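Colleague: For the sequence shown, our numbering puts the final residue at 284, and the numbers step up evenly by one.
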Amino acid sequence: MKPAKQKKEAMPLKVLLSILFLLLALIVSLFADRLAVHDPTEIDLLNKFAPQSAAYPMGTDDYGRCIFCRCIFAVRNSVAIAVGIELVSVVIGTLVGMFSSYRGGAADAVISVVSDALVSFPSMILVMLIVAFLGPKTRNIIIALLLVDWIWYARVARGLTLGLREQKYVQAASLSGASTATILARHIFPALAPQMIAQFTLCIGGVVLSLAGFSFLGIGVQRPTPELGVMISDACGLVRTNFGVLLWPCLLLVLIVLSFDILGGYIGDRLRKERE
């Protein structure tokens, strides 16, 4: 008798909704210039606190700027910066972690000591110290987050490589005379890539939230650039006057972070089940 085929688990509704929301955010970000009928930085004091209408779907803020248009560009800026930071971090961290762990020796010892030192220090404080030294600019907050984020990927890649290098197929490749680059590219990286992808997806939401937090404090993205943290900071004093100015950027921030967390958690769970 033929063995019964295992039924594939249906994707949970929350994961499906998260994917759809992130795809929608991606589409809106890519076509922000066409969707935004108003300049998100243009001040029109005669039109301040305009109610929701066809021209202003989310109304306007205290400077007469279209909240809908500002949200579109804020989502694009926040997600684009976060994805860019994580892409660079995952590439650098994965390469450093794989190479140092596989080769061992002094390089691995240095990476281990540096990673332990950075991880033991609160990342938020470290980023703030770097920005305080470089100055509160968008470029500097990106540099600060890059300097802190890559180490997490390096630690994950290093730990996975320590186990993978003991596998028989990796040792066989080494005995056959394959170079370190060949072994890492053909044997080590394909095995740890799924875990790094899950880590990457999970971390994007955290970076979006961190970026918004630093912008809220005034050391991240600077005005007049639309960004979720900047919009929330500007709207805090307007809660009693016009709650919608604060509601929309807060809602978008929560949905973006939650969607990335749900998707990253789902990918991680699927990977663990496949290994079992």
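Note that the Cβ used here is the ideal one computed from N, Cα and C, for glycine as well. All values derive from a computational prediction rather than experimental measurement.
Keeping to the same chain, check which residues put their C-beta closer than 7 Å to that of Gly221; ignore five residues upstream and five downstream.
Modeller: If you number the sequence shown from 1, residue 221 lands on position 213. Counting only Cβ-Cβ distances below 7 Å, and skipping sequence neighbours, we find Gly237.
Colleague: Where do the ends of the alpha helix (DSSP H) carrying Asn85 lie?
Modeller: Here residue 85 corresponds to residue number 77 of the sequence shown, with the count starting at 1. Start and end: 75-111.
Colleague: Where do the ends of the alpha helix (DSSP H) carrying Ala243 lie?
Modeller: In the sequence shown, residue 243 corresponds to position 235, counting from 1. 236-243 is the extent of the alpha helix (DSSP H) around Ala243.
Colleague: Assign Thr233 to one of three DSSP states: helix, strand, or coil.
Modeller: As a working note, residue 233 is residue 225 in the sequence shown. The answer is coil: DSSP assigns Thr233 none of H, G, I, E or B.
Colleague: When you compare the segment 206-213 with the segment 78-96, are there three or more beta-carbon pairs, one atom per stretch, that lie closer than 8 Å?
Modeller: In short, these stretches touch, since the Cβ pair count reaches three.
Colleague: Would you say Val139 and Ala152 are within 9 Å of each other, going by their C-beta atoms?
Modeller: By 1-based counting over the sequence shown, the position of residue 139 is 131. By 1-based counting over the sequence shown, the position of residue 152 is 144. Against a cut-off of 9 Å, the Cβ pair of Ala152 and Val139 comes out as a contact.
Colleague: Count the other CB atoms within 10 Å of the CB of Ser187; is the residue buried (16 or more) or exposed (fewer)?
Modeller: Sequence index remark: in the sequence shown, residue 187 carries index 179 (1-based). By the neighbour-count rule (16 or more Cβ atoms within 10 Å), Ser187 is not buried but exposed.
Colleague: Just mark Pro257 as buried or exposed, buried being the case when its beta carbon has 16 or more other beta carbons within 10 Å.
Modeller: Locating residue 257 in the sequence shown gives position 249, where the first residue counts as 1. It is buried - the Cβ of Pro257 has at least 16 other Cβ atoms within 10 Å.
Colleague: What is the DSSP secondary structure of Thr209, reduced to helix, strand or coil?
Modeller: For the purposes of this step, residue 209 is identified with residue 201 of the sequence shown, where counting begins at 1. Three-state result, Thr209: helix.
Colleague: Excluding sequence positions up to five away, which residues of its chain have a Cβ less than 7 Å from the Cβ of Tyr161?
Modeller: Here the question's residue 161 lines up with position 153 in the sequence shown. Counting only Cβ-Cβ distances below 7 Å, and skipping sequence neighbours, we find Ser97, Val98, Gly101, Thr102, Gly105, Met204, Gln207.
Colleague: Using a threshold of 9 Å, state whether the C-beta atoms of Thr49 and Phe57 are closer than that.
Modeller: Translated into positions along the sequence shown, residue 49 becomes position 41. Translated into positions along the sequence shown, residue 57 becomes position 49. For Thr49 and Phe57, no; Cβs fall outside 9 Å.
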